[in-house]
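Per this note's numbering, the sequence shown runs over residues 46 to 143.
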Amino acid sequence: SEKLEFFRQIALYLSGVSGQDKVSQSPLSVSVGEKEQVLISCSTTEQGQGLQWYRQYPNQALKHLVTGQTGEQQKDNLSITGTEVTDAATYLCAVETQ
């Protein structure tokens, strides 16, 4: 079956962020076939308004997908099930700090 490429960047910071803020995602990239499942994990040491997930196609603006959980341990997963060719994109997570 045709392979899909999913890429993500290590960090994306929003609104007045200092160099001490940390956001990490894994895996760096993943290839899957159609109608499979992908799980991308994100975590941060920052206290904020919840993790935000975005998708970006080449040469297009970021599109907000979903707001994750808030709390002391800021971790969230983005799950894509039944993958399609249109799911091939860059996926980013961010935390908006105060």
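No residue lacks a Cβ here, since even glycine has one placed at the ideal position from N, Cα and C.
In terms of residues, what are the limits of the beta strand (DSSP E) holding L96? 96-101
Sorted by chain position, which residues of the same chain lie with C-beta nearer than 6 Å to S71's C-beta, five sequence neighbours on each side aside? S86
Taking only the alpha-carbon atoms, compute the straight-line gap between S76 and V140 and give it to the nearest angstrom. 26 Å
Measure the CB-CB distance between T128 and E81 and report whether it falls below 7 Å. yes
Please report the residue range of the beta strand (DSSP E) in which G78 lies. 74-78
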